[in-house]
Ligand SMILES: NC(=O)c1ccc[n+]([C@@H]2O[C@H](COP(=O)([O-])OP(=O)(O)OC[C@H]3O[C@@H](n4cnc5c(N)ncnc54)[C@H](OP(=O)(O)O)[C@@H]3O)[C@@H](O)[C@H]2O)c1
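Numbering (my numbering), first residue to last: 943 to 1320.
Written as structure tokens, this is what we have:
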């Protein structure tokens, strides 16, 4: 007989279909089950559109399937508030469902309490089924709720010996096509992508999502582009400022950027954010940047390098997850750039280590992913 976990896994799979499309809302999926058979499915497709519970109920209605006394599995506790759409608890009561099974609690101040409300109305409620998988699916949402800053992913492609370019700066391409397409699924998932001024100047990247599989079920969602440029070195004719690109571009700078350059950027529609410098440097303070992005409801940030920028993020302990694409090649050379620069750590005990590590084989390349845990220094 199928278990609670079996149906909840399906609800989580449905939730993940909208990856990159619902921020600042959470990803949510729902299935309605009667006699151990799924009779309707739904998922939240876009902020402002029907929530997963309502989508599933509407799908049942559209097929004239009764939901009376059926069980709903939903990956997040149903909301109890009027937002852009009415409360899901109302829809569940109207649909006369007798049992609701959810994975993670909704801790949002304005939406919490749905389980209690349903119980008080006589609906049987079970929580915590596949909680970890559902929490992982919504890790950007929960991180932003708890910390008011975005969840930071560091992504890089390197050789087996940890180099991201040759000693002459030749860096395209280290990994193959399949790995690069997989990299685009990371872009699709996040609200913003960040690079340093030197990568913008050398690579002229567009930072768009270019993998049709990354948005199989939804519209392509393009994250905003962020360039760290303390002095205004990235000229206005750079590819990243192309006005035809989807989504917006933000240049993060300091008082050292000439006002004329800032004005030219603004005329191109580029947002310019001036921040104080990190103590002892002439570069914008990254913690201040993350706070500002959090206020702008940016829940997730993909840091794509280069090594100087990644070094700063790691040195300041600001990385939550790593996506390391590793190609089976050796570049060598003491002058060839490593994947992570900065100061680094002095004792291995202080090294950021990964947990919940997964390994994917992408043709000849590997993708090693994991959550970052920084051990305290001796
Ligand atoms: N293999 C990969 O995964 C990968 C990915 C990306 C890039 N790359 C390669 O990396 C190379 C560029 O790397 P890079 O290390 O020279 O430069 P980078 O990391 O792209 O940019 C570094 C510059 O960003 C600016 N910046 C502003 N605020 C900063 C802060 N808080 N922390 C750090 N930097 C800050 C600084 O210039 P200002 O002081 O002038 O502001 C700094 O020199 C390129 O050749 C590119 O192809 C490889």
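Even for Gly, the Cβ is constructed at its ideal location relative to N, Cα and C.
The structure displayed is predicted, hence computed values, not measured ones.
According to DSSP, simplified to helix, strand and coil, what is residue i?
i: residue 1300; result: strand
i: residue 1237; result: helix
i: residue 1122; result: helix
i: residue 1320; result: At residue 1320 the pLDDT is 47, less than 50, meaning the model places this residue with poor confidence; the figure from the coordinates comes in the next sentence. Here residue 1320 sits in coil by DSSP.
i: residue 1031; result: helix
i: residue 1225; result: coil
i: residue 1007; result: coil
i: residue 1141; result: helix
i: residue 1152; result: coil
i: residue 1036; result: helix
i: residue 1258; result: coil
i: residue 1191; result: strand
i: residue 1090; result: coil
i: residue 1067; result: strand
i: residue 1202; result: helix
i: residue 982; result: strand
i: residue 1344; result: Absent from the model: residue 1344. The displayed extent of the chain is 943 to 1320, so no value can be given.
i: residue 1273; result: coil
i: residue 996; result: helix
i: residue 1107; result: coil
i: residue 1014; result: strand
i: residue 1163; result: coil
Take the Cβ of residue i as the centre, count every other Cβ of all protein chains shown within 10 Å, and call the residue buried at 16 or more, exposed below.
i: residue 1036; result: exposed
i: residue 1196; result: buried
i: residue 1285; result: exposed
i: residue 985; result: buried
i: residue 1008; result: exposed
i: residue 1005; result: exposed
i: residue 979; result: exposed
i: residue 1186; result: exposed
i: residue 1320; result: For residue 1320, the predicted model reports a pLDDT of 47, less than 50, meaning its position is unreliable; a value from the coordinates is still stated below. Burial call: exposed.
i: residue 1163; result: buried
i: residue 983; result: buried
i: residue 1307; result: buried
i: residue 943; result: exposed
i: residue 1177; result: exposed
i: residue 1074; result: exposed
i: residue 1110; result: exposed
i: residue 1101; result: buried
i: residue 1031; result: buried
i: residue 1200; result: exposed
i: residue 1275; result: exposed
i: residue 961; result: buried
i: residue 1277; result: exposed
i: residue 1161; result: exposed
i: residue 1301; result: exposed
i: residue 1241; result: buried
i: residue 1024; result: exposed
i: residue 1205; result: exposed
i: residue 1040; result: exposed
i: residue 1174; result: buried
i: residue 1063; result: exposed
i: residue 1017; result: buried
i: residue 1289; result: exposed
CB residue i to CB residue j, shorter than 8 Å?
i: residue 1022; j: residue 1029; result: yes
i: residue 1182; j: residue 1149; result: yes
i: residue 1106; j: residue 1099; result: yes
i: residue 1133; j: residue 1166; result: yes
i: residue 1207; j: residue 1193; result: yes
i: residue 1213; j: residue 1191; result: yes
i: residue 954; j: residue 1076; result: yes
i: residue 1312; j: residue 1264; result: yes
i: residue 966; j: residue 1258; result: no
i: residue 1042; j: residue 1034; result: yes
i: residue 1080; j: residue 968; result: yes
i: residue 1323; j: residue 993; result: Residue 1323 lies beyond the residue range present for the chain, which begins at 943 and ends at 1320; the question has no answer from this structure.
i: residue 1305; j: residue 1118; result: yes
i: residue 1012; j: residue 975; result: yes
i: residue 990; j: residue 1026; result: yes
i: residue 1146; j: residue 1112; result: no
i: residue 1262; j: residue 1093; result: yes
i: residue 1293; j: residue 1287; result: yes
i: residue 1125; j: residue 1267; result: yes
i: residue 1169; j: residue 1142; result: yes
i: residue 1019; j: residue 977; result: no
Compute every distance between the C-beta of residue i and the non-hydrogen atoms of ligand 2, then say whether any falls below 7 Å.
i: residue 1247; result: Ligand 2 is absent from the structure shown, which contains only ligand 1.
So does the region 1241-1252 actually touch the region 1066-1079, counting three or more Cβ pairs closer than 8 Å?
no
Counting Cβ pairs closer than 8 Å, one from the region 1226-1241 and one from the region 955-963, do we hit at least three?
no
Count Cβ pairs between the region 1291-1304 and the region 1268-1281 that sit closer than 8 Å; are there 3 or more?
no
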